[in-house]
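Peer 1:
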Amino acid sequence: RDPLWSRGLGDVYKRQMQRLPPKESLRIQEIIHRHECEDAEAAAAMPGAASLLHFCQLQGWPTVVVTRNSRSVAALKLQRSDLQVDKLIARDDAFPAKPDPAVFLSLFNQYGLTANRVIYVGDYIYDIQTARNAGMISALTYEDNLPEFANQSDICIKGLTALERWLTLHQKNAACLAT
756 RDPLWSRGLG
766 DVYKRQMQRL
776 PPKESLRIQE
786 IIHRHECEDA
796 EAAAAMPGAA
806 SLLHFCQLQG
816 WPTVVVTRNS
826 RSVAALKLQR
836 SDLQVDKLIA
846 RDDAFPAKPD
856 PAVFLSLFNQ
866 YGLTANRVIY
876 VGDYIYDIQT
886 ARNAGMISAL
896 TYEDNLPEFA
906 NQSDICIKGL
916 TALERWLTLH
926 QKNAACLAT
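The opening position of the sequence shown corresponds to residue 756 in this note's numbering, with each subsequent residue numbered one higher.
(1) So is Asn824 buried or exposed if we call it buried at 16+ other beta carbons inside 10 Å?
(2) For Ala799, does the count of other Cβ atoms within 10 angstroms reach 16, so buried, or fall short, so exposed?
(3) Please list the terminal residues of the continuous beta strand (DSSP E) segment that includes Tyr875.
(4) Please name the residue, chosen from Gln865, Ala797, Tyr881 and Gln812, that lies closest to Arg835 on a Cα-to-Cα basis.
(5) Determine the direct distance from the alpha carbon of Arg789 to that of Ile874, and round the result to whole angstroms.
(6) Could you give the first and the last residue of the continuous beta strand (DSSP E) run that contains Val840?
(7) Grab the span of the beta strand (DSSP E) containing Ser780 for me, first residue to last.
(8) Tell me the rounded alpha-carbon separation between Ile786 and Asp794.
(9) Grouping DSSP H, G and I as helix and E and B as strand, with all else coil, what is Thr923?
(10) For the beta strand (DSSP E) containing Ala894, list its first residue and its last residue.
(11) To which residues of the same chain is Gly803 closer than 7 Å at the C-beta, ignoring the five residues directly before and after it?
(12) When you compare only the Cα positions, how much space is there between Asn906 and Ala889?
(13) How many angstroms separate the CA atom of Lys778 from the CA atom of Arg770?
(14) Taking just the CA atoms, how far does Ser780 sit from Met772?
(15) Would Leu901 be called buried (16 or more neighbouring beta carbons within 10 Å of its own) or exposed?
(16) Hey, how far is the Cα of Arg774 from the Cα of Ile783?
(17) Hey, how far is the Cα of Asp837 from the Cα of Ser827?
(18) Give me whichever residues DSSP pairs with Val819 in a beta bridge.
(19) Going by DSSP, what residue range makes up the alpha helix (DSSP H) through Leu808?
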């Protein structure tokens, strides 16, 4: 998860950057890009991620990563993690930040999906809110401690391996988008 963007600050960030003189805005964007690149260089897949994506692909379900990182940084993270998805949507694609559902409404149309059959996988409250705003099923995954907002999610599962097991049991009722 990229901390600034996944907390719904993307639109606030954009508005603030537009208010700055161009030189200062560019300086700040370069700092953010440098930090994102450092993070991407150290990227590793979450346990169970590759298997889960492979399972979804075997089902014929589209797999999509939606991030507020830049496209180049997000692609580097996927490459470093040795993960392949059908589609990558980054902040360069100019969709509003989570929890705005616009990006997912566009994906439903593109893939011919029904929102209530799509499982949105995330690990933060804005992921749950985005799923709710778009009419998707929210699947909150966590690794260590159950988050305090877990009760707001439709499905709450410890780890991606457990989520894959859950999907195996419920695959007839779902299509899958991963974030």
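Idealized CB from N, CA, C, for every residue including glycine.
Peer 2: Well, looking at it:
(1) In the sequence shown, counting from the first residue as 1, residue 824 sits at position 69. Buried, by the Cβ-count rule.
(2) By one-based count along the sequence shown, residue 799 stands at place 44. Exposed, because fewer than 16 other Cβ atoms sit within 10 Å of the Cβ of Ala799.
(3) For the purposes of this step, residue 875 is taken as the residue at position 120 of the sequence shown. Element bounds for Tyr875: Val873 to Gly877.
(4) For the purposes of this step, residue 835 is taken as residue 80 along the sequence shown, with counting starting at 1. Comparing Cα positions, the closest option is Ala797.
(5) The residue you call residue 874 lines up with position 119 of the sequence shown. The residue you call residue 789 lines up with position 34 of the sequence shown. Each residue's alpha carbon lies about 32 Å from the other.
(6) Within the sequence shown, the letter at position 85 stands for residue 840. Counting along the chain, Val840 falls outside any beta strand (DSSP E), and DSSP gives it neither H nor E.
(7) Residue 780 sits at position 25 when you count from the first residue of the sequence shown. Looking at the DSSP string, Ser780 is not in any beta strand (DSSP E); the run it does join, the alpha helix (DSSP H), is Pro777 to Glu796.
(8) If you number the sequence shown from 1, residue 786 lands on position 31. If you number the sequence shown from 1, residue 794 lands on position 39. Distance between the alpha carbons of Ile786 and Asp794 is about 13 Å.
(9) Here residue 923 corresponds to residue number 168 of the sequence shown, with the count starting at 1. The answer is helix: DSSP assigns Thr923 an H, G or I state.
(10) Along the sequence shown, one-based indexing puts residue 894 at 139. Ile892 to Tyr897 is the extent of the beta strand (DSSP E) around Ala894.
(11) Taking the sequence shown and counting its residues from 1, one reaches residue 803 at position 48. Within the same chain, Gly914, Leu915, Thr916 and Glu919 come within 7 Å of Gly803 by CB-CB distance, once the 5 residues on both sides are set aside.
(12) Position 151 of the sequence shown, counted from the start, is the residue given in the question as residue 906. Position 134 of the sequence shown, counted from the start, is the residue given in the question as residue 889. The alpha-carbon atoms of Asn906 and Ala889 are separated by roughly 18 Å.
(13) Within the sequence shown, numbered from 1, the residue matching residue 778 stands at position 23. Within the sequence shown, numbered from 1, the residue matching residue 770 stands at position 15. Going from the Cα of Lys778 to the Cα of Arg770 covers about 16 Å.
(14) One-based indexing of the sequence shown puts residue 772 at position 17. One-based indexing of the sequence shown puts residue 780 at position 25. Distance between the alpha carbons of Met772 and Ser780: 6 Å.
(15) The residue given as residue 901 occupies position 146 in the sequence shown. So Leu901 counts as exposed.
(16) Looking up residue 774 in the sequence shown gives position 19. Looking up residue 783 in the sequence shown gives position 28. Our two residues, Arg774 and Ile783, have alpha carbons roughly 12 Å apart in a direct line.
(17) Counted from its first residue, the sequence shown places residue 837 at position 82. Counted from its first residue, the sequence shown places residue 827 at position 72. If you take the alpha carbons of Asp837 and Ser827, they lie about 15 Å apart.
(18) The residue labelled residue 819 in the question sits at position 64 within the sequence shown. In DSSP, Val819 forms a bridge with Lys842.
(19) Residue 808 sits at position 53 when you count from the first residue of the sequence shown. Unbroken alpha helix (DSSP H) run through Leu808: Ala804 to Leu813.
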